[in-house]
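In case it helps, the UniProt record's numbering puts the sequence shown at residues 1 to 366. Single-structure report; data block below.
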Amino acid sequence: MSAITRQETSGPHQDRRHDPVASRGGLFAEADAHRRSGALPSLRAALRYWIVLAVLAVLAAASVLGTLAYDNPMEFGSRGFWLIAQMRVESIIVIVVVAFCQAIATIAFQTITNNRILTPSVMGFESLYRLVQTSAVYFLGAAGITFLTGVGQFLLQIALMVGFAALLYGWLLARRGGNLQITLLVGIVLGGGLGAAATFMQRLLTPSEFDILTARLIGSIANADTDYLGWAIGLAGVTGILLWAQAGRLNVMALGRDTAINLGMAHRRQMIVVLLLVSVLMAVSTALVGPLTFLGFLVAMLAYQLGDTYDHRLLFPLAWLIGVVVLAGSYFILKHVFYAEGSVGIIIEVVGGTFFLIYILRKGRL
1 MSAITRQETS GPHQDRRHDP VASRGGLFAE ADAHRRSGAL PSLRAALRYW IVLAVLAVLA
61 AASVLGTLAY DNPMEFGSRG FWLIAQMRVE SIIVIVVVAF CQAIATIAFQ TITNNRILTP
121 SVMGFESLYR LVQTSAVYFL GAAGITFLTG VGQFLLQIAL MVGFAALLYG WLLARRGGNL
181 QITLLVGIVL GGGLGAAATF MQRLLTPSEF DILTARLIGS IANADTDYLG WAIGLAGVTG
241 ILLWAQAGRL NVMALGRDTA INLGMAHRRQ MIVVLLLVSV LMAVSTALVG PLTFLGFLVA
301 MLAYQLGDTY DHRLLFPLAW LIGVVVLAGS YFILKHVFYA EGSVGIIIEV VGGTFFLIYI
361 LRKGRL
């Protein structure tokens, strides 16, 4: 009887608590569970992220509704009210598209450069835009602005900026020994050269021509033509989806070049792909409303601080909402407080530049 009892207790269904191997396995499994963490490692972090996202969504909706409804002379709900609101919807769509382009492009660019101060504008996109606009006015006079108006001209400006980026990346990154630091330096130098050429031509313009040109060189919602929106939404949407699909790879690239290569990633090829996608987004935004140098930096910095996560699938929507709040809020303030409709570039440059200086002074280095 005792033998039978011993056989039963020593069978496959015995209590594993007395098995030292099983105990060690359980301990290891528990340790692995503690070491394993996702993009939001704790319940508190997850709650914080979703609360921040919800608050930003409410603020974005309030900014949009305020822009549509505030100072509308017609009675709410009437046909006249909706006609006026419909006219303002186009500005809201422009804000959403530009916020999307700037937010996604800046976060992706800062990830591959491993630097949270740099923005895609250092690669010369805005300088090239200024040169194109200035050249049109310089050679064709005030009618040059009209010459650059139209869907074909809009797509041509995008093609010029993307082509400039493709030549730069293909020349410096695709060759043997090419690296991102040299590419960034060359981009900064070329951007400075293009800006100097534009400044030289601006000094030779008449006051009236210069006044017309200045309105185009400041980032403004009023610069956007509704005929461009379909193309802008299509290009930004497709490019954004492609970058979203690269989010996992961007997470790996954020670990650094050596780590990414050790994990089996073709780092240089992936970097070129991301840079080209970033150039498309920046080209769409710049061609649509003009230069907004510090918008991307401001949005990305706030997204990092509020999100507190490394996962780009969580950072992208957070940064997008922040961009909508910043742009729509700036547009609302300028339109209904200072009556300077559309000139959001002014307040973006002031606020973004101030935050940039504060960030540099606190960090103490570039």
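We put the beta carbon where it would ideally sit given N, CA and C, even for glycine. Computed from a predicted model, the values in this text were never measured in an experiment.
Using a Cβ-Cβ cutoff of less than 7 Å, which residues in the same chain neighbour VAL284 once the five nearest sequence positions on both sides are dropped?
CYS101, ILE158, ALA232, LEU235 and ALA236
Using C-beta distances below 7 Å, list every residue in its chain close to ILE218, excluding the 5 sequence neighbours before and after it, in chain order.
Result list for ILE218: GLY290, SER343, GLY345 and ILE346, in chain order.
Do LEU243 and ALA108 come within 8 Å of each other at the CB atom, strictly closer than that value?
yes
Measure the C-alpha to C-alpha separation of GLY26 and GLY124 and round it to an integer number of angstroms.
Unreliable placement is indicated for GLY26, whose pLDDT of 49 sits below 50; the coordinate value is still reported in the next sentence. Straight-line Cα distance between these residues: approximately 56 Å.
Does the beta-carbon of SER330 have 16 or more other beta-carbons within 10 angstroms, so that it is buried, or is it exposed?
Burial call: buried.
My guess is that MET253 and THR111 are in contact by the Cβ rule of under 8 Å, so how many angstroms apart are they, rounded?
6 Å
Tell me the DSSP secondary structure of LEU295 in three-state form.
helix
With GLY352 and LEU298 assumed to form a contact (beta carbons below 8 Å), what rounded beta-carbon distance in angstroms separates them?
Confirmed, Cβ separation roughly 4 Å.
DSSP-derived helix/strand/coil call for ARG24
Because ARG24 carries a pLDDT of 43, less than 50, the predicted location of this residue cannot be relied on, and the following value inherits that uncertainty. Helix, per DSSP.
Just to confirm the assignment: which complete alpha helix (DSSP H) runs, minimum length 4, are found wholly within the region 214-302?
Counting whole runs of 4 or more residues, the region 214-302 contains the alpha helix (DSSP H) stretches 229-245, 247-253, 257-262 and 267-289.
Quick check on ARG88: does DSSP put it in helix, strand or coil?
Under the three-state reduction of DSSP, ARG88 is assigned to helix.
C-beta atoms of GLY296 and THR106 nearer than 8 Å:
yes
Given VAL350, which residues of its chain have a CB within under 6 Å of its CB, disregarding the five upstream and five downstream residues?
Apart from the 5 residues on each side of it in sequence, VAL350 has no Cβ closer than 6 Å to any other Cβ in its chain.
What separation, rounded to the nearest whole angstrom, lies between the Cα atoms of VAL97 and TRP171?
30 Å
Euclidean distance between Cα positions of VAL89 and LEU68
7 Å
GLY11 versus VAL55 - alpha carbon distance
Unreliable positioning characterises GLY11 in this predicted model, as indicated by a pLDDT of 46, which lies under 50. The coordinate reading is nonetheless provided below. About 58 Å.
Is the beta carbon of THR183 sitting closer than 8 Å to the one on LEU204?
no
For ALA247 and TYR310, the rounded distance between their alpha carbons
10 Å
Among residues of its own chain, excluding the 5 on either side of ASP313, which ones have a beta-carbon nearer than 6 Å to its beta-carbon?
Position check: residue 313 holds Arg in this sequence, whereas Asp was assumed. So the list reads ALA247, once near-sequence residues are dropped.
Contact check, VAL122 vs ILE212, beta carbons under 8 Å
Taking 8 Å as the Cβ cut-off, VAL122 and ILE212 do not qualify as a contacting pair.
Helix, strand or coil: how does DSSP classify residue 402 here?
Outside the displayed range of the chain (1 to 366) lies residue 402, so it cannot be described from this structure.
Apart from the five residues on each side of it in sequence, which residues of its chain come closer than 7 Å, Cβ to Cβ, to THR239?
LEU277, VAL280 and LEU281
At a cut-off of 7 Å, is ALA283 close to the ligand ZN when judged by its beta-carbon and the heavy atoms of the ligand?
No copy of the ligand ZN occurs in the structure displayed, which carries no ligand at all.
Only counting the same chain, and skipping five residues up and downstream in sequence, which positions put a Cβ closer than 8 Å to that of ILE92?
VAL64, THR67, LEU68 and ALA328
Cβ neighbours of LEU190 in the same chain (closer than 7 Å, five flanking residues each side left out)
Answer for LEU190: GLY124, listed in chain order.
Using a threshold of 8 Å, state whether the C-beta atoms of LEU53 and LEU321 are closer than that.
In this structure, LEU321 lies closer than 8 Å to LEU53 by Cβ.
Taking the alpha carbon of ALA224 as the reference point, which residue from ILE261, THR286, GLU209 and GLY264 has its own alpha carbon closest?
THR286
My assumption, with CB atoms under 8 Å, is that residue 367 sits in contact with LEU59. Please give the rounded CB distance.
Outside the shown range of the chain (1 to 366) lies residue 367, about which nothing can therefore be said.
To test your reading of the DSSP string, which unbroken alpha helix (DSSP H) runs of 4 or more residues are found completely within the region 112-159?
125-140 and 143-147
Rounded separation between THR354 and ILE360 - CA only:
10 Å
Helix, strand or coil: which one does DSSP assign to VAL350?
helix
Please go through the same chain and pick out, in chain order, the residues whose beta-carbon is closer than 7 Å to the beta-carbon of residue 369, but skip the five residues on each side of it.
Nothing about residue 369 can be reported from this structure: the residues present for the chain run from 1 to 366 only.
Looking at LEU334: is its Cβ nearer than 8 Å to the Cβ of LEU318?
Contact: no.
Nonlocal neighbours in the same chain, by C-beta distance under 7 Å from GLU209, ignoring five residues either side
VAL137, GLY141 and ALA142
Sequence-distant residues of its chain with Cβ nearer than 6 Å to ALA198 (five each side left out):
ARG130, LEU131 and THR134
Between the alpha carbons of GLN86 and ILE261, how many angstroms are there, rounded?
51 Å
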